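Trainee: All letters in the sequence shown, in the order written, are residues 93 to 195 by this note's numbering.
From the three backbone atoms N, C-alpha and C, an ideal C-beta is built for every residue, glycine too.
No experiment lies behind these values; they were computed from the predicted model shown.
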Amino acid sequence: MRNPLARLRVRLTLALGAAEIHLRLRLSALLWALTRRTAVREAPFAELVRIESDPAYRALFCAELDAALHDRLAPRTAVVEEIEAAAERLEALIRHGDHGRAT
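1. Please list the terminal residues of the continuous alpha helix (DSSP H) segment that includes V172.
2. What is the DSSP secondary structure of R128, counted as helix, strand or coil?
3. Mapping DSSP to helix, strand and coil, what is A107?
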């Protein structure tokens, strides 16, 4: 006859393994049910149709687009202005003839 304690350990191990499998199967379905999913997307051209058909939405869309373009171009415009200012200073130095100054 085998050791009753060893038999109990085997039975507990098998029961815990079965419980783990059962919980994994059930919890995955529960987690899937509780997971937030994105809303169903509209057709690709639905927003374009709305922009073309709704004047108020078109005005809002164009205003947001202009603001986004302005924000994107602002750093480039600042760099161009700095370059133009440096070019003007360099041109003024050349024009006024600051030749005796050491560099």
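Mentor: In this structure, then:
1. Your numbering for residue 172 matches position 80 in the sequence shown. V172: member of the alpha helix (DSSP H) spanning P147 to H188, first to last residue.
2. As a working mapping, residue 128 is identified with position 36 in the sequence shown. Residue state, collapsed to three classes: coil.
3. Along the sequence shown, one-based indexing puts residue 107 at 15. Looking at A107 - three-state DSSP - the assignment turns out to be helix.
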